[in-house]
Each structure stands twice: as C-alpha cells, then as structure tokens.
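In my numbering, the protein residues as written are 19 to 621. For glycine and all other residues, C-beta sits at the position ideal for the given N, C-alpha and C. Working notes for the structure below.
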Amino acid sequence: MNRKRKSDTQSLFQDLAKDILAPPPDLTVSEWADAYRKLSSESSAEPGQWRTDRAPYQREILDSVLDPELEKIVVMASAQVGKTELILNTVGYHIDFDPAPMLLMQPTEALAKSFSKERLAPMIRDTPVLRKKVSDEKTRDGGNTTLQKTFPGGYVAMVGANAPSGLASRPIRILLADEVDRFPVSAGKEGDPLSLAEKRTNNFYNRKKIMVSTPTIKGASRIETEFESSTKEYWNLPCPSCGEYQPLTWHQIHFDKEELNIVEHACKHCGALHNEYEWKEGKGKWVATNSSGLYRGFHLNELVSPWRKWKEIVTDFLEAKKKGKESLKVWTNTSLGETWEEDGEQIESDVLHERLEKYTADVPDEVKILTAAVDTQDDRFEIEVVGWGEHRESWGIEYHVIHGNLNEPKIWQELDEYLTRTWSKEDGSHYGLACTCIDSGGHYTQEVYQFTKQREARRVYAIKGKGESNGEYVPLISSYSRVKPSKALLITIGVSDGKAKVMSNLQIDEPGPNYCHYPKDRGYNQKYFDGLTAERLETRYRQGVAYRVWKKVKDRNEPLDLRVYNTAALAILNPNLEHDYTIEKTKTTKRKRKRRVVSKGVN
Ligand SMILES: [Zn+2]
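Here is the structure:
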C-alpha cells in the first residue's frame, strides 16, 4: 500500500535500486509485476509500468500461480480482458524469480513465432530485470532462438500444438497453453497435443498447468470442458444501490437501440439500473460456484474489462446480429467469453427453393462485382457466377455446366470463353468476372495449373480445399504458394470455415447484409439446392476430445463447394463494397470522356 504513496524521488531511487539489488523474498506474481514489469508500446495502449490495479480481477489469477496446493489453473475469457498478460507475467516472474523449464503452447507454430516476436521479446527488451537475464537472440550466445529463450536456471520453449516435433520429450515444470480451443485434436499421429504436453510435467512435484482460451462451440470446447471441472469462479461486483455481489451478465444489460449512450446493468437483487462507471467502481471479488472443483477456474467477459466500453460491446452486438449467425457466434465467444450453442445446422433445400425471385436483367442493380468458381469433374466443369453488393449481400447469377472430355483442349477453350464473357445490367452496362477460383483437386491438377497460370493477370486462380479432419482451425484463405514446375499460384482454402460462413448466410431470411438471392431458372433448380444443403456439421470425438466436422448427408455437394469458392474469391479480392463506385465512375467519365469509352464494373 505504501508503494502507491511514495514520492517521485523515492520512486526514482527505488527504480534504480531494483536494478541493482536482488528482489526481496516472497513476492507474488502480481507484486513482481507491479514492481518490475514494463508494458511495451507495440502491444499496449498504455505502455510503461504494469499496474495490477488497472484491472483488479487479474490479481488473484496471477497469484494463484504460486499456490502450492494448486496444479492447474483455467481461464475461460473473452478477448480484451488482458489474458495474454497473465501468461506474460507468469513467464516474467519465473525468468526473474523462480527459474524453471517452461513450455508455452500456441495453436500453430506460426502463432508461436509471432507470440515470441510480438509479445515475449518486447517484454524482455523493456523489462530491465528480464533483459539482464535473457541474452540477445542476435548474439546467439545463450543458444536463444525465436522459439527458445534461455536464462540462468531455466528456459521458455514455444511450440505450435500442430507441430509434434516441438512436443518431443523434455521435462517441463510450467506449462502455459494459450487459445486451447484452437488446438488440433491430434498433433500428427501422436495424439492430443495438450495431453502430450501435460505428460512432460510429470517429473515435477511442483508442476503447474495454466490453460487460457476464448471458448468456441458448445460441446466441442476444450476450455469449457476444463472450466466445468474447476471451481468455476466469476468476478462479482457489488450493486451500487443495494450492495449485493453479482457477476455482470449480458442478459442484465439494458440499452435503447436508438440512444446507445445509455447502457445500464440491472441488479439481479433490487433491479436498480446503473451505468458501467458506477458498477466498475465497486470493489470486486472472485466467487466460486462449484464447491467440488478439482482446481481453480476463472471466467471473464468484456463487461468487466477496463479496456472495453459497454457501448462498444452493444454496438458490436447489433452489428453482429445484422450480419447473421456466424458473426453472432464470434461476438458471443469474444465479447462474452461464452461458448456458442449451434442449433440444427441443416437447412431444408425446399425453403431455399421457395426463395427464387425474378431478376429484371442478368445482373441486378445492387450488384457491384462478379466472381466465379469452377469445380473440375472428370467429364464436366460446374461453374457458378455470383454477384456481390453492399454488406456482402449476394445474388446468384448463373449455375452453368460444360460437359466434355477434359483430356481434350476443346472443353478448356469453352471454359475460357465462358470466363471471359460479360453479363449486363438493366441500364446496358456490362460486367466481367473480377476473380475466378478453379478447384485443382481431382484428376486434372496440372491442367488446371496450366490454365490458371496463363490467366492470373485476369485473377483466375487455382485453389485447393483444406479440410480440418483434425479439428484444427483453417481460415477461409489459408495460404498462398507457387507450385512447381508451372509456378502457378495456388491458394489454399479452409473449407470448414467457408462452409460455416455460407450456411450462416443461407439462414438469413430477409434481404440485407449477407443475404443470398437466387434467380428463377439459370441452373438454380431443386437439384442445385439439394447440393447446396448436402452437408451437416457433426460432433466427433478423438481420444475424448470433441471436434466438429462437416458430413455429407446427400450425394452431390458441388453447389456448396462452389459457393465456398466464390466466398473465397471475394475474400481474395477484398473489395470495399460499401464504396460507391458509380460516383467515381461518373467523375472519371467527365474527365476522360474523350479518351476512352467508359466500362462499368471492376474489370
Ligand atoms: Zn441491487
């Protein structure tokens, strides 16, 4: 307490003394951080000395790390509550004060590398007591690399849960697993990466396992499973009116859609409404709800965070609600720190078939750009052209099949002719394709590369779908690479992520953001809609770890794949669809009228 009241001179002296003297005995992790830890400017909006008081809920979580009775600590939390800092302070404490071998796991090796470079290295650089102990990577004297930092008495190794070699046998006293809900179900053929890492701690009687994550889907969330067996503690604040302690929950939040400046939380005991400043001013405490918990588990949402305004949370909620289920799921996970309960993912094809509308031209007026996707079968190409407007509202333009023998040039010429044609709007303006994705899976991979290589200038790209049979999260646009020997660009697509996006959009039943329109005829028949709804999300288990996979329930699924590839084509282009291109076009027209004929559309 005295530390807070010290004068500037005293503070300067103490800062100097800290670098010279050995740290006093019996510091807790939060006391260590309050005394020594510096926040770096590249990762913190408030660089400089760490203050646990900035978010008081952090103190007990940090200090539980040293509880000798406790082997495991679980933190299930939203984004923006400072959960990465919990990991960093624990690492810093152990480098400086209680050296130990540590393993820090991230979902992938790439994420482990960026964590090391963007978070760990700046902390070491800016915190003098750590800088002295961890030698510089560039000098390589202490055998330090991006993925391993050594210091007197220990090291911290960073690994990706997807990279089995990184989990090879080495003893670990402190295991820190970050974003465990993004961990694959199995690391290669070796099994669950988290269990593999936990086994590494067996030699230490004073081992610690710290697991931190934003949760994902109910029934397939590692962090929720861990939290359920814990003490299940919630950060409680006293009601400013009656003083009763309670956690801040979303369903107690009151707001007026029209007047977002007033966002209040109702007390669940007396009903009084108070704003966030009144609630957050209270002295909070952790309250356990599971007395038979085997270890400590903490839950945090953004409502208690000093770095998030309630108004921002409500604004994000209203936006997400407009955009559909996939956005609402992300909001639930990242703002509330809660799992998302998926209801029947299956959409009935009849419902979509009834949605058919009559367009007055090839391309409805609201469309701003066109993309295409091509599926390569042995005896045909299946092609879908999609128009995209503001807020990613989409219009199916045509579902077209070209039959023929893919070993002969003729069908490839026909494909080229189709992909270079234009579609017109009612005002007579013509639109070409802004981006085309061609599936290179199947039996004609080299032919697809040859075809796309020559047309990359027109943004015709070869793609390859990547599943996640492993439960590993693969983003819609996963990677870009050049294949040998043709040097064609190959874009890897996360199909599960894509399917989730498409299904979420199909469930929106009113025109607006993300809604999918379909025209009468033009290939959109019952067979098409059966194919579009041919897959369902199912929960599977591997060694007791739940994960979700898309499972075919009908034979033909090309229409779903093609809509995923079109969604990928739009993501590759990443256009600003809210920008009014027509206004700009008009200006160009005036200026350049004499020099060229105006062409509408992106190409
Ligand atoms: Zn009250």
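Nearest to D527 by alpha carbon, out of A589, R149 and L370?
L370
Helix, strand or coil: how does DSSP classify T600 here?
Confidence at T600 is low in this model, with a pLDDT of 48, below 50, so the placement of that residue is unreliable and no value is reported for it.
So what does DSSP say about Y531, is it helix, strand or coil?
Rather than Tyr, the amino acid found at residue 531 in this sequence is Pro. Reduced to three states, the DSSP call for P531 is coil.
Taking a contact to mean a Cβ-Cβ separation below 8 Å, would you say H317 touches F245 in this structure?
yes
Check whether the Cβ atoms of W358 and K340 lie closer than 8 Å to each other.
Taking 8 Å as the Cβ cut-off, W358 and K340 do not qualify as a contacting pair.
Does the beta-carbon of E251 have 16 or more other beta-carbons within 10 angstroms, so that it is buried, or is it exposed?
buried
Between L104 and the rest of its own chain, which residues show a CB-CB distance below 7 Å, the 5 nearest in sequence each way excluded?
Q76, I79, L80, V93 and V230
Would R410 be called buried (16 or more neighbouring beta carbons within 10 Å of its own) or exposed?
buried
Look up D457 in the DSSP assignment and give the residues it is bridged to.
I481
What residue ranges within the region 187-239 form continuous alpha helix (DSSP H) runs of no fewer than 4 residues, ordered along the chain?
Counting only runs of 4+ residues, the alpha helix (DSSP H) found wholly inside the region 187-239 occupies 211-217, in chain order.
Taking three-plus beta-carbon pairs below 8 Å as touching, is the region 582-591 in contact with the region 506-522?
They touch, by the three-pair rule.
In its own chain, which residues sit with a C-beta less than 6 Å from the C-beta of W325, not counting the 5 before and 5 after it?
Q98
With which residues is R566 paired in a DSSP beta bridge?
Answer is T557, bridged to R566.
Can you find at least 3 beta carbon pairs, one from the region 205-212 and one from the region 136-150, that sit closer than 8 Å?
no
How many whole angstroms separate the CB atoms of A51 and W68, which I take to be in contact at a CB cut-off of 8 Å?
Right, the Cβ-Cβ distance comes to about 5 Å (below 8 Å), so this counts as a contact.
Rank D85, Y54 and L194 by C-alpha distance to the C-alpha of L148 and give the top, closest one.
Y54
So which of K275, L266 and A306 has the shortest CA-CA distance to L291?
L266
Might you give, ordered along the chain, the residues of its own chain that have their beta carbon closer than 8 Å to the beta carbon of R500, omitting 5 neighbours on each side?
A506, L507 and L508
Using three-state DSSP, classify K329 as helix, strand or coil.
Helix.
What is the residue span of the alpha helix (DSSP H) that F115 lies within?
Unbroken run through F115: none, as it is neither H nor E.
Hey, which unbroken runs of the beta strand (DSSP E) at 3 residues or more fall wholly within the region 68-100?
90-95
Based on DSSP bridge pairs, tell me the residues matched to H448.
S442
Round the Cβ separation of G302 and P74 to the nearest angstrom and send it over; I've been treating them as touching at under 8 Å.
Yes, G302 and P74 are in contact; Cβ-Cβ is about 6 Å, under 8 Å.
Using DSSP with H/G/I as helix, E/B as strand and the rest coil, what is E359?
coil
DSSP on I511, reduced to helix/strand/coil?
strand
Would you check if the region 187-196 and the region 120-128 touch, i.e. whether three or more CB-CB distances between them fall below 8 Å?
yes
Would you kindly work out how many angstroms separate the C-alpha atoms of G407 and L437, rounded to a whole number?
Each residue's alpha carbon lies about 20 Å from the other.
Does the distance between the C-beta of E262 and the nearest non-hydrogen atom of ligand 1 fall short of 7 Å?
Yes - ligand 1 has a heavy atom lying nearer than 7 Å to the Cβ of E262.
Can you grab the Cα-Cα spacing for the pair N180 / L129, in whole Å?
10 Å
Where does T108 sit, in a helix, a strand or coil, going by DSSP?
helix
Any chance the CB of A587 is under 7 Å from a heavy atom of ligand 1?
no
How long is the line joining the alpha carbons of D397 and P577, rounded to whole angstroms?
17 Å
Is H272 near ligand 1, judged by its Cβ being under 7 Å from some heavy atom?
No, Cβ of H272 sits at least 7 Å from all heavy atoms of ligand 1.
Can we count H287 as close to ligand 1, meaning its CB is less than 7 Å from some heavy atom?
True, at least one ligand heavy atom lies under 7 Å from that Cβ.
What residue from C453, S412 and R314 has the CA that sits closest to P537's CA?
S412
What are the start and end residues of the alpha helix (DSSP H) that includes V348?
K343 to L354
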